[in-house]
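Heads up: take any position in the sequence shown, counting from 1, add 141, and you land on our numbering.
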Amino acid sequence: MSKSTEVLIVGGGIAGCATAYYLAQQGISSMIVESHGIGSKASGKSAGMLSPVHGAKEPGTIDEISLESFNLHQVLADELIEETGIDFSPRFPNQLQIAIDLKGMDEIRFLQSLYEKADDRFESHFFEYEELNLIQPGLTPKTLGGLLPFKREKRLLIVNYSLRRLLKELN
């Protein structure tokens, strides 16, 4: 292993591996430092992105950079599938969010409005209690409603593996 590098990258998750991948394409040497191995622990479970529909209520919203982050993930995924032949099997995970008070309902309605404003890769469906109880029996009768948001997600460990494989070929 080389003792010098132009860029030192801390973290071997998708963001770190993608950084190394793009640097290698530019002919820039880099080294990834990861305590437990590339794509392990939290690094292998985080998409390393900013979601365009989360955090918008926070001061200094980062909507534009979040959408760009999401778009860059799509570009990278397409490149990796083409270059490695490994299909990550895009899927839509279910994340049912329920509200048991008016504050929770306000938050769900706000989140739903963000999904409506986002591009067509994001969608959601609002459910009243009666519908929710059919989908998820046993909810507390205090439940006022729920939101089922969807977003395109990759199998993160396979993405990390694909990036690692390409980096070995480039270095």
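Ideal placement from N, C-alpha and C gives every residue a C-beta, glycine not left out.
- For Glu272, the closest alpha carbon among the candidates Lys258, Glu264 and Leu288 is that of Leu288.
- About 6 Å separates the Cβ atoms of Gly286 and Ile249, confirming a contact at the 8 Å cut-off.
- Bridge pairing for Glu269: Gly286 [DSSP].
- Counting only residues of its own chain and dropping the five nearest sequence neighbours on each side, Leu280 has a CB closer than 7 Å to the CB of Ile239, Leu273 and Asn274.
- Contact between Phe267 and Gln253 holds, with the beta-carbon distance rounding to 6 Å and staying under 8 Å.
- Taking 8 Å as the upper bound for CB-CB distance, Gly157 and Ile173 are in contact here, some 5 Å apart.
- DSSP places Ala240 inside the beta strand (DSSP E), whose first and last residues are Gln238 to Ala240.
- If you compare the alpha carbons of Ile155, Leu307 and Ala161 with that of His214, the shortest gap goes to Ile155.
- Rounded to the nearest angstrom, the gap between the Cα atoms of Val151 and Tyr163 is 15 Å.
- Inter-residue distance for Gly178 and Leu221 is about 20 Å (C-alpha atoms, whole angstroms).
- Membership of Ser254 in the alpha helix (DSSP H) is indicated by the continuous run Leu243 to Lys258.
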